[in-house]
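Mind the numbering: the first sequence is residues 329 to 1066 in this note's numbering, read in order.
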Amino acid sequence: MAGEEKEEESLKRKKVDNVPRGMAWGAQSFASARISSIREKDPSSVSDFGRYMAEKRRKLNVQYNEDSSNKLLNNATAAVAALHSKEGQIVVAEISTKSRIFNGISIWVDGFTVPTHQELRHLMLQYGGVFENYFRRELVTHIICSTLPDSKIKNPRSLSRGLPIVKPEWIVDSIAAGRVLSWAPYQLQRIALEHPNQRTLQSAYLNPKLDHCPLPLDWRDNYPTYSNMMDIDLEPRSELLALENVPTSDNQGPSSVQDGAVNFTLLEEDLKGIEVKADECSETENQGVLESHGKKDSVAIVDRSKRNTGAGYSDAAAAATHSTLGDDNFVQNYFKSSRLHFIGTWRNRYQSRYGSFNDNSEGQDQQVFRAKSGSDPAVIHIDMDCFFVAVVVRDRPELHDKPVAVCHSDSVRGSGEISSANYPARAFGVRAGMFVRDAKAKCPDLEIVPYNFEAYEQVADKAVSCDEAFLDVTDQGDPCQIASVIRSQIFEATRCTASAGVSKNKLLARLATRKAKPNGLYYIAPSEVEGFMDELAVEDLPGVGWTLKEKLKSHNLHKCSDLLRVSKDFLQREFGVKTGDMLWSYARGIDTREVQQAQIRKSIGAEVNWGVRFLVPEDAHRFLVTLSTEVATRLQTAAVKGRTITLKVKRRKEGSGEPSKFMGCGVCDNFSRSETVGYATDSQEILLRVAKQLFNSFAFDVRDVRGVGLQVTRLEAVGSGQSLKGAFSLRMLFKIPD
DNA sequence: ATCCTCCCCTAC
DNA sequence: TAAGGTAGGGGAGGAT
Ligand SMILES: Nc1ccn([C@H]2C[C@H](O)[C@@H](COP(=O)(O)OP(=O)(O)OP(=O)(O)O)O2)c(=O)n1
Ligand SMILES: [Mg+2]
Ligand SMILES: [Mg+2]
């Protein structure tokens, strides 16, 4: 059993599917058999998921170069002034007369702190101190640090050469007291003693930011003070951002890649009515192929009396109550608890809440406007830090410096999947998508906390509408300043931190965010682009996941700098026209995509690949009823109808038994088949009829079916009149399925 | 050339 | 126990 599971794990996330038709990415030179066998027989190959190796390997002790840091510094000052002048109060004068209690004190901040680098800089500046971006013994009087990584403890050079290492609360408390308090009580303790588990793995990470606990030891005590101070200086005023006239582009722009942009109201309580154009994005690892299994037994569920080992229950017994067999409302119940459903429908929930998004009437004008704009383009990318964990942990201060991950289940079986891990957990190698048992193997003291979907929704609502967003702030003022204010406001409103990346395009802004994490802001100036890209591995580029990384590796292309020495022609030949172009451009920091309005949805569908178990065809047909009802409802909610109906089926791969994941789909072959009907429909009856017909056409043994999906494409807006009009449609009506 | 179907890949 | 969804980009290869 253990051996089987090990094998299964080693195969997880590796592609073991059939490769029935042409390979994706057009690499015909890769015989499909070869790919399969390589992946199946290479247990060493990486890990369970692609982002494993893609984890931050950048280091660079210095966060900002002189230019950008000075810029930030100035921005902070400007932000304060602007905020208060807009407020129409005399606070600006107050600032200037504020006691300069930190006169003569110069700090350098090391690692992750709360308040953050930026906020500490801001505070020091206000209260007469100096904030150094580089550590220089001659200039710095105090090192500010929340937690001290082992690497530093072991390295006497970084032990500050005699300078005091002090927690950031010293700054905060001193300001609250109106005078500089003695730093002695705020000296940093060796956290290694308090968190012995951290000792083992930290050296594996080069990025010092990942080396320590991200949150202060006394978050709750610290927070109110911090919050109060921020209220003085960073209270938002809507006029400051003045983002109402952000130029927008539409779908007719030249770029072929579109990002599903959405309008959202930023921090609606505080910035009522300010519409910001942003779009959603994506940036994590994919979910990949699920697993393999060593068992050759027949499907366990067939024999309901069969008992499994150890845990005292059997999957077959569980299936009676936890699968499509035992629950007539399985689809809806399942989606209520599915994190992937939750994040997959995030943009839709959000879209319906904030109204219409398909109005592109102004798009062309804005495109022209943008083309004429002479200013430097500026894009901000905002992303919440370990979002699902942060939301839960914010009300559990006892957990904030402990390794924590979000998962449904904390059982011994450990086949629950981790949704998000905080930074202490990541220091042990825990990642989203991991099974709990693997995470626990890396981090025995890992705390598992349950989801809180309602809270995610509320926080996202107050913050960025979903976990992340792009903003085009060209001509809107200093982008770093805007980003900094947004970050502050998100924290104020949600007590969760977000990181921000600022640069001239979406690609660079997103890459900057990754560098800024956690709880930071990073700006990539045009002059820095080349050096920045040089450091990156190919898989750091958005759009390069496990598969493409492996293909590039086989051509000896590992880093972005490697991509510079091959021709675009070669890349396009090898990986396809678009993909090759993307690789060539991205490696140079070039990204012509615009931050866009929401695009028109092209498909609506629902699928379930968990808990799907059928014994007889009637079971499958009953499931298709609930699935088609779900999809019809979604079509009607979105006020669209569609003409092409596609059914996806996952079937247990030959030779693979019950998956080790509880109620999982295991290793499957995927099939899809579609039917185009004569006119666009949102009718559940028609969807069901077509779905049944497609399902039956596969002629599978239903006991092998492990997943079913139903998708509708060729969408038309309801009331667009296209669905039934004139002789054309009458002729087409003959194609209506029966 | 362009469209269509059947995939795979990626990101959240 | 556990909740492995959703949508777009894009490639191959055939039909038109
Ligand atoms: N495989 C994944 C990836 C993400 N998520 C969920 C949980 C995350 O909290 C949220 C946002 O995804 P991110 O990729 O932004 O990850 P985090 O916000 O957790 O971490 P980071 O600080 O790296 O952004 O989506 C998930 O359930 N499963
Ligand atoms: Mg994100
Ligand atoms: Mg995030």
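For glycine and all other residues, C-beta sits at the position ideal for the given N, C-alpha and C.
Any non-hydrogen atom of ligand 1 closer than 7 Å to residue i Cβ
{"i": "residue 785", "result": "no"}
{"i": "residue 714", "result": "yes"}
{"i": "residue 472", "result": "no"}
{"i": "residue 871", "result": "no"}
{"i": "residue 846", "result": "yes"}
{"i": "residue 789", "result": "no"}
{"i": "residue 818", "result": "no"}
{"i": "residue 932", "result": "no"}
{"i": "residue 671", "result": "yes"}
{"i": "residue 722", "result": "no"}
{"i": "residue 760", "result": "yes"}
{"i": "residue 315", "result": "Since the first residue of the chain shown is 329 and the last is 1066, residue 315 is not available in this structure."}
{"i": "residue 677", "result": "no"}
{"i": "residue 667", "result": "yes"}
For residue j and residue i, the rounded distance between their alpha carbons
{"i": "residue 1048", "j": "residue 926", "result": "19 Å"}
{"i": "residue 1075", "j": "residue 454", "result": "One cannot answer for residue 1075 here, as it falls past the ends of the chain, which runs 329 to 1066."}
{"i": "residue 675", "j": "residue 663", "result": "16 Å"}
{"i": "residue 846", "j": "residue 703", "result": "30 Å"}
{"i": "residue 974", "j": "residue 919", "result": "33 Å"}
{"i": "residue 892", "j": "residue 910", "result": "12 Å"}
{"i": "residue 437", "j": "residue 873", "result": "34 Å"}
{"i": "residue 473", "j": "residue 912", "result": "40 Å"}
{"i": "residue 797", "j": "residue 879", "result": "30 Å"}
{"i": "residue 813", "j": "residue 831", "result": "16 Å"}
{"i": "residue 782", "j": "residue 885", "result": "44 Å"}
{"i": "residue 506", "j": "residue 432", "result": "16 Å"}
{"i": "residue 352", "j": "residue 511", "result": "Interpretation of residue 352 is limited by its pLDDT of 25, a score under 50 that renders its predicted location unreliable; the figure taken from the coordinates is listed afterwards. So the two alpha carbons sit approximately 60 Å from each other."}
{"i": "residue 855", "j": "residue 669", "result": "41 Å"}
{"i": "residue 1023", "j": "residue 810", "result": "52 Å"}
{"i": "residue 603", "j": "residue 922", "result": "Model confidence at residue 603 stands at a pLDDT of 28, short of 50, so the residue's coordinates are unreliable; what they give is reported in the following sentence. C-alpha separation (whole angstroms): 18 Å."}
{"i": "residue 870", "j": "residue 671", "result": "18 Å"}
{"i": "residue 575", "j": "residue 802", "result": "With a pLDDT of only 25 at residue 575, under 50, the local geometry of the prediction cannot be trusted, and no value is derived from it."}
{"i": "residue 969", "j": "residue 1045", "result": "6 Å"}
{"i": "residue 818", "j": "residue 894", "result": "43 Å"}
{"i": "residue 839", "j": "residue 808", "result": "15 Å"}
{"i": "residue 875", "j": "residue 899", "result": "15 Å"}
{"i": "residue 718", "j": "residue 648", "result": "35 Å"}
{"i": "residue 279", "j": "residue 723", "result": "Examination of residue 279 is not possible in this model, given that the chain is present from 329 through 1066 alone."}
{"i": "residue 726", "j": "residue 775", "result": "11 Å"}
{"i": "residue 1040", "j": "residue 971", "result": "7 Å"}
{"i": "residue 673", "j": "residue 772", "result": "33 Å"}
{"i": "residue 712", "j": "residue 824", "result": "7 Å"}
{"i": "residue 852", "j": "residue 657", "result": "50 Å"}
{"i": "residue 1038", "j": "residue 844", "result": "39 Å"}
{"i": "residue 816", "j": "residue 967", "result": "37 Å"}
{"i": "residue 460", "j": "residue 434", "result": "7 Å"}
Proximity to residue i [Cα-Cα], best of the options
{"i": "residue 915", "options": "888, 897 and 936", "result": "888"}
{"i": "residue 980", "options": "972, 992, 745 and 969", "result": "992"}
{"i": "residue 778", "options": "809, 799 and 745", "result": "745"}
{"i": "residue 785", "options": "678, 747 and 749", "result": "678"}
{"i": "residue 716", "options": "759, 707, 708 and 1024", "result": "759"}
{"i": "residue 494", "options": "514, 804 and 1032", "result": "514"}
{"i": "residue 429", "options": "644, 866, 504 and 968", "result": "504"}
{"i": "residue 652", "options": "942, 1025 and 1000", "result": "942"}
{"i": "residue 644", "options": "1004, 1006, 1001 and 989", "result": "989"}
{"i": "residue 820", "options": "963, 447, 427 and 434", "result": "447"}
{"i": "residue 998", "options": "977, 509 and 1015", "result": "977"}
{"i": "residue 451", "options": "499, 748, 470 and 883", "result": "499"}
Any non-hydrogen atom of ligand 3 closer than 7 Å to residue i Cβ
{"i": "residue 796", "result": "yes"}
{"i": "residue 711", "result": "yes"}
Any contact between the region 954 to 965 and the region 897 to 905? By contact I mean 3 or more CB pairs, one from each, below 8 Å. No, because fewer than three Cβ pairs between the region 954 to 965 and the region 897 to 905 fall closer than 8 Å, the two stretches do not touch.
Every unbroken beta strand (DSSP E) within the region 829 to 916, with a cutoff of 3 residues, ordered by chain: Taken in chain order, the complete beta strand (DSSP E) segments of 3 residues or longer contained in the region 829 to 916 are 849 to 851.
Secondary structure, beta strand (DSSP E): runs of 3+ residues fully inside the region 977 to 1053: Counting only runs of 3 or more, we get 996 to 1009 and 1033 to 1045.
Does the region 1023 to 1033 come close enough to the region 1005 to 1014 that 3 or more CB-CB pairs lie under 8 Å? The answer is no - the region 1023 to 1033 does not touch the region 1005 to 1014, with fewer than three Cβ pairs under 8 Å.
Three-pair Cβ contact test at 8 Å for the region 731 to 743 versus the region 852 to 866: They do not touch, by the three-pair rule.
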